[in-house]
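For the sequence shown, our numbering begins at 2 and goes up steadily by one. Just so it is clear, CB atoms sit at the ideal spot from N, CA and C, and this is done for glycine as well. This report refers to the structure that appears directly beneath it.
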Amino acid sequence: MKDGTLNWEKELKQAEEELEKLNEQTLSANDLKSKLDAVSVLLRELKSELVAYMESTVEHETFEEENLRDIVEEPEKKTRLEVNYLKVAATSLNSELEKEKSELNAIQQREGMASIAIASLETELNSTKSEIAFIQMKEKEERDKVVELPKKLQEADQAKSLAQIAREELRKVEEVESLNKRMIE
Numbered sequence: 002m003k004d005g006t007l008n009w010e011k012e013l014k015q016a017e018e019e020l021e022k023l024n025e026q027t028l029s030a031n032d033l034k035s036k037l038d039a040v041s042v043l044l045r046e047l048k049s050e051l052v053a054y055m056e057s058t059v060e061h062e063t064f065e066e067e068n069l070r071d072i073v074e075e076p077e078k079k080t081r082l083e084v085n086y087l088k089v090a091a092t093s094l095n096s097e098l099e100k101e102k103s104e105l106n107a108i109q110q111r112e113g114m115a116s117i118a119i120a121s122l123e124t125e126l127n128s129t130k131s132e133i134a135f136i137q138m139k140e141k142e143e144r145d146k147v148v149e150l151p152k153k154l155q156e157a158d159q160a161k162s163l164a165q166i167a168r169e170e171l172r173k174v175e176e177v178e179s180l181n182k183r184m185i186e
C-alpha cells in the first residue's frame, strides 16, 4: 500500500514540475510578444521618418536643381546612399518583424498546447489526489479491521466457552432426566 502511495506522490510531483515548466514557457511567450510589439512600433516610426525624409529630400532636390545643379550632385549621391541605407534597414526590420511574428505564432501554438496540457495535468492531478485519498481511506479501514480482529477472536472464544458450558449443562440435564425416567419406570 505504501509503495502505491509513494508512486502516486511521485507522479503528483512530476505533474507539478511539468505544470511549472509550462507556466515558464507561457511567461517567455508573453515576453517575446512584448518585444515583437516594440519592434513593430519602431518599424512604423522608421517608415514615417523615411517618408518624411523622402518628402523633404524631394523638396530639397527640386529647389537645388532649379538654383544650383552642379552643387546638388554631391548631396544627391549622399541622399541616395542614405535612402538605400534606410531601405536596407527597413527591409532588415521587416525581416526581423516577420521572424518575430513567426516566433510569436509558434509560441502561441505552444501556449495553446501548454494550456491543453495544463488542463490535462490538472485533471490528472485531481484524479491522483482523489485516488490517494481513497487509498488512504482504505488503508485506515484495514488498520481499523486489524485492531478489531483480536476483539472478535476474543468474543468468538468466549462464545465457544459459553457453548461448551451450555452443552455440558444440557448433557447433565439429559442425564438427570434419563435417571428420573428410569426411576419412574
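Backbone CA spacing between residue i and residue j [nearest angstrom]
i	j	result
S103	V52	27 Å
S35	T58	34 Å
D4	E10	10 Å
A134	Q165	46 Å
A157	K146	16 Å
E101	V40	9 Å
K79	E99	30 Å
A120	L94	38 Å
L7	E97	50 Å
T129	E19	15 Å
E132	T124	12 Å
N85	S116	45 Å
R168	E142	37 Å
M114	N24	12 Å
R172	L154	27 Å
V42	L126	42 Å
E56	R81	13 Å
R21	R45	What sits at residue 21 in the sequence shown is Glu, not Arg. Each residue's Cα considered, the two are about 37 Å apart.
Q159	E170	16 Å
E83	A118	51 Å
Assigned exposure category for residue i - 16 Cβ within 10 Å defines buried
i	result
L180	exposed
L37	buried
L122	buried
I108	buried
E112	buried
heavy atom of the ligand COA below 7 Å from residue i C-beta
i	result
L154	Annotation note on the ligand COA: not contained in the displayed structure, which lists no ligands.
### Message
Taking 8 Å as the cut-off, does the segment 135-143 touch the segment 13-32 (at least 3 CB pairs, one atom from each stretch)?
### Response
no
### Message
Is it the case that the segment 83-91 contacts the segment 14-22, given that we only count it when at least three CB pairs across the two stretches are under 8 Å?
### Response
no
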